[in-house]
Amino acid sequence: MKKSLLNILLLTSVTAFGLAACDNQGPAEKAGEQLDNSVEQLQDKSKETLGLKEKGTLEKAGEQLDETSADLKESAADLKAGAAEQADKARDAMSDAADAADRKLEELKAEDNN
């Protein structure tokens, strides 16, 4: 019983000492707090200057950029597919025209020989 009471008193005194020590801010903590305040003020002034009063405006702009980028990629893929299809049609048409020209040339040669 004495041992557990002693342990409780020891734990309580260590905890109380620890909490008391946390309240005292050293020079580094004060400097860090001042730096945090300065950064917050700078952010607020920047938002006011840029007209970004509504929270999340930059996030919304980023999302819109992402959506636009995805749309552009999709459009580029569609254009590429359409261009490939047109190239295939042009190749087929040129091949057909070359075959027709070869046939006509053969006909002319055959007429010349007769």
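So the sequence shown is residues -20 to -1, 1 to 94, counted in mature numbering (1 follows the signal peptide of the UniProt record, and there is no 0).
Cβ atoms here follow ideal geometry from the backbone N, Cα and C, with glycine treated the same way.
This structure is a prediction, so every number in the text was calculated from the model and none was measured.
- In the structure shown, the three-state DSSP call for G6 is coil.
- Annotated three-state conformation of G62 is helix, per DSSP.
- Taking the CA atoms as reference points, G12 sits about 26 Å from G36.
- For N94, the secondary structure class from DSSP, reduced to helix, strand or coil, is coil.
- In the structure shown, G36 falls within a coil segment according to DSSP collapsed to helix, strand and coil.
- Distance from the CA atom of A63 to the CA atom of T29, rounded to whole angstroms, is 46 Å.
- Going by C-alpha positions, M74 is about 28 Å away from N93.
- For L88 and A81, the gap between their C-alpha atoms comes out near 10 Å.
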